[in-house]
Structure formats: C-alpha cells, structure tokens
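Numbering (the working numbering), first residue to last: 6 to 325. Every residue gets a Cβ at the ideal spot worked out from N, C-alpha and C, and that includes glycine. Beneath this line is the structure, given in structure tokens, with notes to follow.
What follows is the structure in structure tokens.
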C-alpha cells in the first residue's frame, strides 16, 4: 500500500490511477469500518480500478473539541498496517487542523476528491459527515457524485447483538478488559504496537527481563498480567504483558507502564517496534511486600503462561 501524507498537491494521484475511496477516520478499524473499506476494495477490483482510503490525522475531535477526546484505539501506523492487510492500494492521510475544519463540503469534493485524488467512486458509512460545520451529508455526497461523475456507496451501520458497532463503544470495551467481547466487535484479537524503550532494569534483576513499550495516546486495558503473542522482526513469540503503575515500587506515583516479558527470548529489543496481541488475563495487578514475593509470583505467572501455550496452537503469522 502506498501512503501519501501531508497536504494534497496537484500531483498527489499516483500514476493518475482513478480510485474507489473509502473515507473516514477509521480509528478502531472495527468490523463496521472493515465493511466500508472492504466494499471499496471489492468495487475497485470489480471495475478494474485501484482501491484507496482517505483518512484524517489527528482525530478531528482532538482538534475541535479536545476536552471530549480521550485517546485513540490504534496508533496511525497500526491503522495503516491493518488497511494494507485489507487489500487497500493507496491511503491518503490528510492532516486535520482548524483550517481544514473550515473547508466547505463543496470544496472538499471539488478540489480534493474529484480534483487532486480523482475518485471514480467513494464508499462511506451511513453517519458520515464532512466539511465546515459537518454540512456535507451522504445525500450531499450523492448529489456531488452526479455532478462530478463518481459513484457513491453508503454502507449501513453494522450491528451485533442489536448494538451499533461504534468506536466509542469499542473504547468502553477495552477499558472494561472484556477481551472476548473486544475480539467479537473488532473482528480480530485486541493488539497494540509500540517502540521498546529503556526502563529501570528491575525485571532483569528479578530474573525476568521485560521490554518496556513507549505508550502513545491510546486506550489501555485495565491493570493486570496478560497472556499475549508478540511480533518483532517478523518473528512471533509467546509472552506475558504487565499493565499497571507498579504499586510495589512506585511510591505513590501513578504512571502507567506496559512491560512485555517474552518467553524464551534473550535478545535485545531496544528501539524495535513490536506488536502485542492480547489473548487473556492471568491476574489483576497487586502490591507485594518485597522483591522476593514478587519474583515468586512472576515465576507462577510464567509457568501458567507456559502451560497455556503448550495446550493452544497458534499460527506463526505476523500479527495485527
């Protein structure tokens, strides 16, 4: 997938290919988002065209109403990786700022969609709105399509168990820690990505080295110890993940950390980008009176993890 980021230019369209474009923020890339993007990919293939996603970053709500924006579900690189796996050929990442928020819907269609990108068709969700003061509705988009000669497909909001699959709902599920429900509504296991940074070295002293992940502004599971699979350098490993504020050592500090203990791995991961796929929860986080008590508990956690992975078979495919 070819990614174009930054303000659109007149030469933004690769090889002047006309595209079928799915448009949206697609923060969670849940099953509903996947249906919209999948429709664009299928339509493009059927018509002998290229598929595309037109998305926005940062999230419009974080720019216009920052007090209402908590965190992302996925980092931008994580989103792009999933889009690529969905078969998208091109992705335009439009920088969203207050200037873009003032762009009339008619200008967005004429200058960006029909002009610089050159869409042959667009696919959006039924609640899609765009342009200054969200003046552009799906009806406006259909009328514009007739004017500029591109098709418009509107995908109904997907429901599961009579619940609309929305990013806001996904965030609540993640915060609740219900991994089975998260998997059901996302259409894949919950995963995060991050760069390995230097920590305090306490894990090594305890006999269990950990990779400390740089935390981006994403929604996090509740504190605890989790079973996980980790991908790095296109290799997949079994792992335990700690999420919490290290109450045994934090001395009142509440900074949340994500630490990964990769089973049977002795290499150096500093600076590497890793993908962590969560499978289940081992236990809640808790306070220990001393390092010996903590080390003994970690040993039990590791043995429980080994037992789990011995009895479950997973493919060696690179994770999302």
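Contacts around residue 200, its chain only, beta-carbon distance under 6 Å, and the 5 residues preceding and following it disregarded = 219 and 278
Residues that residue 217 bridges to, as DSSP identifies them = 202 and 264
Nearest residue (CA-CA) to residue 311, options 269, 156, 112 and 41 = 269
query = Is the distance from the Cβ of residue 265 to the Cβ of residue 244 below 7 Å?
reply = yes
message = Within the continuous alpha helix (DSSP H) that includes residue 145, where are the two ends?
response = 143–153
query = Distance, Cα to Cα, residue 313 vs residue 251?
reply = 25 Å
query = Is residue 62 helix, strand or coil by DSSP?
reply = Residue state, collapsed to three classes: strand.
key: Between the CA atoms of residue 44 and residue 58 - distance to the nearest angstrom   = 11 Å
message = Rounding to the nearest angstrom, what Cα-Cα distance links residue 240 and residue 315 in this structure?
response = Near 18 Å, if we compare the C-alpha coordinates of residue 315 and residue 240.
query = For the alpha helix (DSSP H) that contains residue 100, what are its first and last residues?
reply = Note, residue 100: premise wrong, no alpha helix (DSSP H); beta strand (DSSP E) at 95–100.
Residue 47 versus residue 26: straight-line alpha-carbon distance, rounded = 11 Å
task = Can you tell me which of 94, 182, 280 and 149 puts its alpha carbon nearest to the alpha carbon of residue 224?
result = 182
N- and C-terminal bounds of the beta strand (DSSP E) containing residue 283 = 278–288
inquiry  = Which residues does DSSP list as the beta-bridge partners of residue 326?
reply    = An answer regarding residue 326 cannot be provided, because it is not within the stretch 6 to 325 covered by the chain.
query = For the beta strand (DSSP E) that contains residue 25, what are its first and last residues?
reply = Counting along the chain, the unbroken beta strand (DSSP E) around residue 25 starts and ends at 24–28.
key: Simplified DSSP state of residue 156, which is helix, strand or coil   = strand
ask   = Which word fits residue 60, buried or exposed, when buried means at least 16 other C-beta atoms lie within 10 angstroms of its C-beta?
value = buried
ask   = Would you call the stretch 68–77 and the stretch 185–204 in contact, with 3 or more CB pairs under 8 Å?
value = Fewer than three pairs of CB atoms, one per stretch, sit closer than 8 Å, so the stretch 68–77 makes no contact with the stretch 185–204.
request  = Note down, in chain order, each residue of its chain lying with its Cβ closer than 6 Å to the Cβ of residue 62, except the 5 sequence neighbours on either side.
outcome  = 81 and 98
task = Reducing DSSP to helix, strand and coil, say where residue 197 ends up.
result = strand
At least three beta-carbon pairs within less than 8 Å, the stretch 64–74 to the stretch 153–161 = no
key: Opening and closing residue of the beta strand (DSSP E) in which residue 130 lies   = 124–130
request  = Apply the 10 Å Cβ neighbour rule to residue 144 and answer buried if 16 or more other Cβ atoms are within range, or exposed otherwise.
outcome  = exposed
key: Residues that residue 135 bridges to, as DSSP identifies them   = Bridge partners of residue 135: 141.
inquiry  = Under DSSP, the beta strand (DSSP E) around residue 239 begins and ends at which residues?
reply    = Looking at the DSSP string, residue 239 is not in any beta strand (DSSP E), and its letter there is neither H nor E.
ask   = Hey, quick one: how far does the alpha helix (DSSP H) through residue 88 stretch, first residue to last?
value = 81–90
ask   = Is any heavy atom of the ligand ADP found at a distance shorter than 6 Å from the C-beta of residue 187?
value = In the structure shown, the ligand ADP is absent, as is every other ligand, since no ligand is present at all.
query = Between residue 284 and residue 236, what straight-line distance do the alpha-carbon atoms span, to the nearest angstrom?
reply = Residue 284 and residue 236: Cα-Cα distance of roughly 14 Å.
query = When the cut-off is 7 Å and only beta carbons count, does residue 287 lie next to chain D?
reply = Going by chain labels, chain D is absent from the structure shown, which holds only one protein chain.
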